[in-house]
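S.K.:
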Amino acid sequence: MALSAEPKQEDMFQSIGNQVNAVASSGAGGEAAEGGENFTVDEPQIVDNIESLCMNCHEQGVTRLLLTRIPFFREVVVMSFECSHCHFRNNEITSAGVIQERGCSYTFKVESKEDLNRQIVKSETCTSRFIELDLEIPAQRGQLTNVEGLLSLVLEDIEQDQPKRKEIDPESYEKIAQFVAKGRDMIEGRAFPFTVKVDDPAGNSWIEPKPDDAKGKWARHDYVRTPEMNTALGLTDTSAEDTEKFEDDDIRPDEVHTFPASCPSCVRPCSTHMKLVDIPHFKEVVIMSTVCDACGYKSNEVKTGGAVPSKGRIITLKVEDEEDLARDILKSETCALTCPELKLDLTPGTLGGRFTTLEGLLQQVHDDLHQRIWGDMADETSDSVEKETRDKWESFFQGLRDAKSGKKKFTCILDDPLAASYVQNLYAPDPDPQLTIVDVARTKEQEDDLGISDMRTENYNEDGSEKVPKEGAEKVEEKA
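Per UniProt numbering, the very first residue in the sequence shown carries number 1; after that it's consecutive.
1. How is the beta strand (DSSP E) around residue 411 delimited, first residue to last?
2. Could you tell me the alpha carbon to alpha carbon distance between residue 188 and residue 115, rounded to whole angstroms?
3. Are the CB atoms of residue 281 and residue 105 nearer to each other than 7 Å?
4. Scan the UniProt domain "Zinc finger ZPR1-type" (52 to 209) and note each continuous beta strand (DSSP E) run of 3 residues or more that stays entirely inside, going in chain order.
5. DSSP three-state label for residue 360, please.
6. Does the structure place the region 110 to 124 close enough to the region 162 to 176 that three or more beta carbon pairs sit under 8 Å?
7. For residue 103 and residue 203, which I take to be in contact (beta-carbon distance under 8 Å), what is that distance rounded to the nearest angstrom?
8. Please report the distance separating the alpha-carbon of residue 408 from that of residue 318.
9. So, do the region 292 to 309 and the region 406 to 422 have three or more beta carbon pairs nearer to each other than 8 Å?
10. Under the three-state reduction of DSSP, which class applies to residue 41: helix, strand or coil?
11. I need the boundaries of the alpha helix (DSSP H) containing residue 484, first residue and last residue.
12. Compare the Cα-Cα distances from residue 77 to each of 63, 84, 85 and 89 and report the closest residue.
13. Find out if the Cβ-Cβ distance for the pair residue 342, residue 399 is shorter than 7 Å.
14. Would you kindly check if the distance between the Cβ of residue 93 and the Cβ of residue 151 is under 7 Å?
15. Select from 126, 200 and 412 the residue whose C-alpha is nearest the C-alpha of residue 338.
16. At which residues does the alpha helix (DSSP H) containing residue 397 begin and terminate?
17. What residue range is occupied by the uninterrupted alpha helix (DSSP H) comprising residue 344?
18. What three-state label does DSSP hand residue 452 in the structure shown?
19. Assuming residue 260 is part of the alpha helix (DSSP H), what are its boundary residues?
20. Apart from the five residues just before and just after residue 136, which ones in its own chain have a Cβ nearer than 6 Å to its Cβ?
21. On a CA-only basis, which of 269, 255 and 51 is nearest residue 277? Give me that one, please.
22. With distances taken from CA atoms, which of 297, 415 and 451 is nearest residue 271?
23. Name the one or two DSSP bridge partners that residue 336 has.
24. For residue 231, tell me which candidate among 215, 214, 262 and 209 has the shortest Cα-Cα distance.
25. Whole angstroms is fine: what's the gap from residue 125's alpha carbon to residue 140's?
26. By the three-class DSSP mapping on this structure, what secondary structure does residue 317 have?
27. Considering Cα atoms alone, identify which of 395, 354 and 50 is closest to residue 370.
28. Contact defined as beta carbons within less than 8 Å: I believe residue 449 pairs with residue 313. What is the distance between those atoms, to the nearest angstrom?
29. Quick one: what does DSSP say residue 420 is sitting in, helix, strand or coil?
30. May I ask you to report which of helix, strand or coil DSSP gives residue 368?
31. For a quick check, are the C-beta atoms of residue 347 and residue 177 less than 7 Å apart?
32. Would you grab the beta carbon distance between residue 122 and residue 195 for me? Rounded to a whole angstrom, and I think it's under 8 Å.
33. Let me know the secondary structure DSSP gives residue 215 once reduced to three states.
34. Give the range of the beta strand (DSSP E) segment to which residue 269 is assigned.
35. If you reduce the DSSP assignment to three classes, tell me which class residue 430 lands in.
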């Protein structure tokens, strides 16, 4: 008896363009009956309508759900509620995926009216800021909007109580009016440039990139969540008992240490493996690997240790052939990676810490960016993505593929303010003619970002309390 082929699972998340085309092609074959009210074929429905209780008047309203993919991002659920009784309306967006391994923040510089149309996905755990306006929007309902829409909605909310405020508190009315006017100038293009930033510890928010964005215009930064962030997201942490037990063990080279953790994908218990590795002509590093047997999640990263050096380091490698692609490379979490010939510019925090070969690093960059940009729809976005934008991304990815296969010469620059990155010297201990290492002073901005400006390592007692100078102690006694 012949076995029938397994039916292909229907993809519930398709781009809006593909869904509209499906409706158009299906509806074209249907013919209206007399009176034009009934159809011989059922018309496909893009949006699911669900009766829901209105929390404003407690009558029955309608919630509309749309499952779709956002180009260059991922699957989302767009929800819209409307009540015909009290005319209350509400809409929001929710990620259809899981909480990501790391939190993320995006910084985007708005320099023209076209930039106001950049899409923004703001999840319910995301905060956003307009830097020049000194305006912070706290975490609230999810939104699918653009830069202009995000700012306009906030200004409209602020203006709602202005008539009452004018009578009750004229002084506050004037200050808020000036604030709103400044925001309107941004929307109308009279206050360019300005910067918008979104920060989401769940990693499910996003600002749309363009392949021809200038350096520094659009930046993404991935970061490790704090225990407080994990608690707010409902993620469990390793128990205090297990943590204390692990801290009591010495970390010895050539031994794999295992300690309990929680999977950042499904939040079930899993194990994290750790090993101390000595890199020749560099330093000791810790390689960490997490594998979840429940959902198949895998991750690995590298942690460097030791004292904070007095200067940062810039490593420049000229890649000439396939032999150079086989060099070992360590890119720390604080390291920025730039390849001018490939138009590749990774900000610190992207990909986390990695210890691999140069070819492996390029492969990871290609796979990660390709997944973020196209996802599972590399062949399905022609209707929803401009051809010019698509061609630019394809050209970029082709350049990466040529580089990692040895068909293209390029320069790889590692800029690490903590000097914790490394590229293998094939001529060690002699100088490598293709490798340049320069120690440079850190900028004030780098010192602030790394928290070095706030560090204090002197004038402390044995119990950790700050020492009080003799003159200061006398003044304290006088006050007492």
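Quick reminder that beta carbons are idealized off the backbone N, C-alpha and C, glycines included.
M.R.: The structure says:
1. Within the sequence shown, the letter at position 411 stands for residue 411. Residue 411 -> beta strand (DSSP E) spans 410 to 416.
2. Counting from 1 along the sequence shown, the entry for residue 188 is found at position 188. Counting from 1 along the sequence shown, the entry for residue 115 is found at position 115. When rounded, the distance between both Cα atoms is 12 Å.
3. Position 281 of the sequence shown, counted from the first residue, corresponds to residue 281. Position 105 of the sequence shown, counted from the first residue, corresponds to residue 105. Cβ distance not < 7 Å, so residue 281 and residue 105 don't count as in contact.
4. 60 to 69, 75 to 82, 89 to 95, 103 to 110, 119 to 122, 127 to 130, 135 to 137, 143 to 146 and 194 to 200
5. Here residue 360 refers to the residue found at position 360 of the sequence shown. Here residue 360 sits in helix by DSSP.
6. no
7. Indexing the sequence shown from 1 puts residue 103 at position 103. Indexing the sequence shown from 1 puts residue 203 at position 203. 5 Å between Cβ atoms; contact.
8. Stepping through the sequence shown from its first residue, residue 408 is reached at position 408. Stepping through the sequence shown from its first residue, residue 318 is reached at position 318. Roughly 11 Å separates the two Cα atoms.
9. yes
10. As a first step, residue 41 is located in the sequence shown; it is residue number 41 there, counting from the start. Reliability fails at residue 41, whose pLDDT of 42 lies under 50, so the model's placement of it is uncertain and the value that follows must be treated cautiously. DSSP places residue 41 in coil when its eight states are reduced to three.
11. No answer is possible for residue 484: it lies beyond the span of the chain, which begins at 1 and ends at 480.
12. As a working mapping, residue 77 is identified with position 77 in the sequence shown. With distances taken between Cα atoms, residue 77 lies closest to 63.
13. Counting from 1 along the sequence shown, the entry for residue 342 is found at position 342. Counting from 1 along the sequence shown, the entry for residue 399 is found at position 399. Contact: yes.
14. Along the sequence shown, one-based indexing puts residue 151 at 151. Along the sequence shown, one-based indexing puts residue 93 at 93. Contact flag unset, no.
15. Numbered from its first residue, the sequence shown carries residue 338 at position 338. Measuring from the Cα of residue 338, the nearest candidate turns out to be 412.
16. As a working note, residue 397 is residue 397 in the sequence shown. Where residue 397 is concerned, the enclosing alpha helix (DSSP H) stretches over 387 to 404.
17. Against the sequence shown, residue 344 aligns to sequence position 344. Taken as a continuous stretch (DSSP letters only), residue 344 belongs to no alpha helix (DSSP H), being part of the beta strand (DSSP E) at 344 to 346.
18. Taking the sequence shown and counting its residues from 1, one reaches residue 452 at position 452. Helix.
19. The residue given as residue 260 occupies position 260 in the sequence shown. Taken as a continuous stretch (DSSP letters only), residue 260 belongs to no alpha helix (DSSP H), being part of the beta strand (DSSP E) at 256 to 262.
20. In the sequence shown, counting from the first residue as 1, residue 136 sits at position 136. Taken in chain order, the residues that qualify are 129.
21. Within the sequence shown, residue 277 is the residue found at index 277, counting from 1. Out of 269, 255 and 51, 255 has the C-alpha closest to the C-alpha of residue 277.
22. Residue mapping note: residue 271 aligns to position 271 of the sequence shown, counting from 1. Of the listed residues, the one whose Cα sits closest to residue 271 is 297.
23. In the sequence shown, residue 336 corresponds to position 336, counting from 1. Its beta-bridge partners are 415.
24. Working through the sequence shown from its first residue, we reach residue 231 at position 231. Comparing Cα-Cα distances from residue 231 to each of 215, 214, 262 and 209, the minimum goes to 262.
25. Mapped onto the sequence shown, residue 125 falls at position 125. Mapped onto the sequence shown, residue 140 falls at position 140. So the alpha carbons of these two residues sit roughly 7 Å apart.
26. Along the sequence shown, one-based indexing puts residue 317 at 317. In the structure shown, residue 317 sits in a strand (DSSP, three-state: E or B).
27. Locating residue 370 in the sequence shown gives position 370, where the first residue counts as 1. Out of 395, 354 and 50, 395 has the C-alpha closest to the C-alpha of residue 370.
28. Here residue 449 is taken as the residue at index 449 of the sequence shown, counted from 1. Here residue 313 is taken as the residue at index 313 of the sequence shown, counted from 1. At roughly 16 Å, the Cβ-Cβ gap does not stay under 8 Å, so residue 449 and residue 313 are not in contact.
29. Here residue 420 refers to the residue found at position 420 of the sequence shown. Of the three classes helix, strand and coil, the one that applies to residue 420 here is coil, per DSSP.
30. As a position in the sequence shown, residue 368 is number 368, starting the count at 1. In this structure, residue 368 counts as helix in the three-state DSSP scheme.
31. Taking the sequence shown and counting its residues from 1, one reaches residue 347 at position 347. Taking the sequence shown and counting its residues from 1, one reaches residue 177 at position 177. The answer is no: Cβ separation not under 7 Å.
32. For this step, residue 122 is matched to residue 122 along the sequence shown. For this step, residue 195 is matched to residue 195 along the sequence shown. At roughly 16 Å, the Cβ-Cβ gap does not stay under 8 Å, so residue 122 and residue 195 are not in contact.
33. Residue numbering aside, residue 215 sits at position 215 when the sequence shown is read from its first letter. Residue state, collapsed to three classes: coil.
34. Within the sequence shown, the letter at position 269 stands for residue 269. Taken as a continuous stretch (DSSP letters only), the beta strand (DSSP E) holding residue 269 covers 269 to 278.
35. The residue you call residue 430 lines up with position 430 of the sequence shown. DSSP places residue 430 in coil when its eight states are reduced to three.
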